[in-house]
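Numbering (this note's numbering), first residue to last: 3 to 216.
Here's the structure, in structure tokens; my notes come after.
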């Protein structure tokens, strides 16, 4: 039984969490591994809420075109620069907060959706992008982008779990080759260079597969 847990990420634009509690363990057990299997986090999966926020902001910047209504990074910059002063009026703690972070972003960052800088700087830029997007991009589009992020995270874990399962099967086969496997029967090759061999019937013709010592 899986341990109880909170949803891994709070929704930003979606109405409810897009990743269920223990989603990683559920995926791991679905492919046939114990849910507690130690699998290295894929590079595509954000390590924490901050990385997830940065990734979502970059996805929004990369979306562009018809989806967001901004076909060019200069349109994005123009929109952000127009939005920031009004948003700053509601930011009592720092009246120039949003504008300062908009100005920190280069056209290249906006065009290619790759926020530069130290983690804290990237996070502040990402929060700026999300605040702007909430006001200037249709909510349905933002929810779609966030759902896509969640699906990509799940797929990355699924691929990693599948790869781990395959590796374990290979290691198990090397350690203890089974007597039969998918229609193939273990064969005593009686040859020192052959680690293991199997024979199968291929439409009446015997076929042999062998693993040789490296």
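Note that CB positions come from ideal geometry on N, CA and C, so glycine has one too.
Consult DSSP for residue i and reduce its assignment to one of helix, strand or coil.
i           : result
residue 117 : coil
residue 38  : coil
residue 45  : coil
residue 3   : Its pLDDT being 46, under 50, residue 3 is placed unreliably in this model, and the coordinates cannot settle the point.
residue 182 : strand
residue 132 : helix
residue 175 : helix
residue 20  : coil
residue 33  : coil
residue 87  : helix
residue 147 : helix
residue 107 : coil
residue 139 : coil
residue 14  : coil
residue 50  : coil
Taking 6 Å as the limit between beta carbons, can you name the residues of its chain near residue i, skipping five residues before and five after?
i          : result
residue 81 : 138
residue 59 : 128, 131, 132
residue 33 : 163, 164, 167
Could you say which of the options lies nearest to residue i if we only look at CA atoms?
i           : options            : result
residue 175 : 212, 152, 51, 154  : 212
residue 140 : 71, 214, 40        : 71
residue 203 : 187, 194, 154      : 187
residue 112 : 64, 121, 146, 136  : 64
residue 51  : 99, 190, 172, 21   : 21
residue 1   : 17, 43, 18         : Absent from the model: residue 1. The displayed extent of the chain is 3 to 216, so no value can be given.
residue 13  : 149, 169, 189      : 149
residue 189 : 136, 201, 170, 114 : 201
Look up residue i in the DSSP assignment and give the residues it is bridged to.
i           : result
residue 214 : 196
residue 207 : 204
residue 188 : 200
Are the CB atoms of residue j and residue i within a distance shorter than 7 Å?
i           : j           : result
residue 181 : residue 197 : no
residue 158 : residue 46  : yes
residue 147 : residue 61  : yes
residue 56  : residue 124 : yes
residue 84  : residue 104 : no
residue 37  : residue 27  : yes
Identify, in the order they occur along the chain, each residue of the same chain with its Cβ nearer than 8 Å to the Cβ of residue i, setting aside the five sequence neighbours on each side.
i           : result
residue 207 : none
residue 195 : 214, 215
Which residues in the same chain as residue i place their Cβ atom closer than 7 Å to its Cβ, once the five residues preceding and following it in sequence are excluded?
i          : result
residue 25 : 10, 156
residue 16 : 145, 148, 149
residue 35 : 163, 166, 167
residue 3  : At residue 3 the pLDDT is 46, less than 50, meaning the model places this residue with poor confidence and gives no usable figure here.
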